[in-house]
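Below is one structure, written out as structure tokens, with a few remarks after it.
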Amino acid sequence: NAGVTQTPKFQVLKTGQSMTLQCAQDMNHNSMYWYRQDPGMGLRLIYYSASEGTTDKGEVPNGYNVSRLNKREFSLRLESAAPSQTSVYFCASTQDRSNYGYTFGSGTRLTVV
Amino acid sequence: AQKITQTQPGMFVQEKEAVTLDCTYDTSDQSYGLFWYKQPSSGEMIFLIYQGSYDEQNATEGRYSLNFQKARKSANLVISASQLGDSAMYFCAMRERGSQGNLIFGKGTKLSVKP
Chain S
1 NAGVTQTPKF QVLKTGQSMT LQCAQDMNHN SMYWYRQDPG MGLRLIYYSA
51 SEGTTDKGEV PNGYNVSRLN KREFSLRLES AAPSQTSVYF CASTQDRSNY
101 GYTFGSGTRL TVV
Chain W
1001 AQKITQTQPG MFVQEKEAVT LDCTYDTSDQ SYGLFWYKQP SSGEMIFLIY
1051 QGSYDEQNAT EGRYSLNFQK ARKSANLVIS ASQLGDSAMY FCAMRERGSQ
1101 GNLIFGKGTK LSVKP
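Read top to bottom, the protein sequences are chains S and W.
So for the first sequence, the working numbering puts the first residue at 1; every next one is plus one.
So for the second sequence, the working numbering puts the first residue at 1001; every next one is plus one.
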């Protein structure tokens, strides 16, 4: 099925551990995004990639790094997880100037203890 | 200042009645898009409806319509004939031409439909 695939769906980390959230889309979209969702805060942009080979910071980039591996894949890395990074993470993609907003992945629920 | 404001943290509506979810936005761009997403308890983000800043008519998609008042910078979502399955979080979002196309979200409104 066409869409955005995120892995893993759930993850528990200890403070200081590292991990990479994977995201892949098969819609040939140029732009990809990582958001985090916290209760009462809506979705906030962490990083985005307007095209293969480019990445830019969003609203809340501290503590994260990203890699646009190719046109399909956009990964998010936590180098040293902190409890403040407990959140639900969404990957999304879109065509440029799309009238249909973004296509979202199903989310990753991350808990840092 | 918030770019997208949703002033109703939670709302209740009786099944089969209509409900309006409020959204106001702030932008200096002339070209922008407004979106509504639904997030059920299962967590996925579902696109509902889109309104372009230059669209003269209000957008409609089935039971969803967007009441777009450009001068007031509001983009309210109207759901007609509410169903139990409409119970969810609803997010208003904006995409500005000047922001490299990034979507900015409001904090959401939790809608509960009562039988």
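Beta carbons are placed, not taken as given, at the ideal position from N, Cα and C, and that holds for glycine.
| Item | Value |
| --- | --- |
| Beta bridge counterpart(s) of R44(S) as assigned by DSSP | R36(S) |
| DSSP state of Q1008(W) mapped onto helix, strand, coil | coil |
| Buried or exposed (CB count within 10 angstroms, at least 16 for buried), Q1014(W) | exposed |
| Best match in A24(S), Y35(S), N30(S), T103(S) for proximity to V60(S) [C-alpha to C-alpha] | Y35(S) |
| Under 8 Å from the C-beta of F90(S): neighbouring residues of chain W | M1045 |
| Endpoints, beta strand (DSSP E) assigned at S93(S) | 87-94 |
| Which listed residue (Q22(S), V66(S), A81(S), F74(S)) has its alpha carbon closest to that of H29(S) | F74(S) |
| Contact set between S106(S) and chain W, taken where Cβ atoms lie within less than 8 Å | G1043, E1044 |
| Host beta strand (DSSP E) of L78(S) (start-end) | 74-78 |
| Residue-level contact to chain W via CB, G181(S), 7 Å cutoff | Outside the shown range of chain S, which is 1 to 113, sits residue 181(S), and nothing can be said about it. |
| Where L69(S) sits in the DSSP three-state scheme | coil |
| Interface positions of the segment 34-55 of chain S facing chain W (Cβ-Cβ less than 7 Å), listed along the chain | G40, M41, G42, L43, L45, Y48, A50 |
| contact_flag[the segment 47-56 of chain S, the segment 1016-1031 of chain W] where n(CB pairs < 8 Å) is 3 or more | no |
| Three or more C-beta pairs below 8 Å linking the segment 1060-1074 of chain W and the segment 93-113 of chain S | no |
| Backbone CA spacing between T86(S) and Q11(S) [nearest angstrom] | 10 Å |
| Straight-line gap, C1023(W) to N1067(W) (C-alpha atoms, nearest Å) | 10 Å |
| Interface partners of G63(S) on chain W, CB under 7 Å | The premise fails here: G63(S) is roughly 19 Å from chain W at the closest Cβ pair, so nothing lies under 7 Å. |
| Listed by chain order, chain W residues near G58(S) by CB distance under 9 Å | N1102 |
| Identity of the residues DSSP links to Y1032(W) by a beta bridge | E1096(W) |
| Opening and closing residue of the beta strand (DSSP E) in which V1135(W) lies | Coverage of chain W is limited to positions 1001 through 1115, which leaves residue 1135(W) absent and any answer about it impossible. |
| Residue nearest to A1071(W) in terms of C-alpha spacing, selected from G1043(W), E1056(W), Y1037(W), Q1008(W) | E1056(W) |
| Three-way DSSP call (helix, strand, coil) for D26(S) in this model | coil |
| beta-carbon S87(S) near the ligand ADP non-hydrogen atom, thresh 6 Å | Ligands are entirely absent from the displayed structure, and the ligand ADP is therefore not among its contents. |
| Proximity test, Cβ basis, 7 Å: F1105(W) and chain S | yes |
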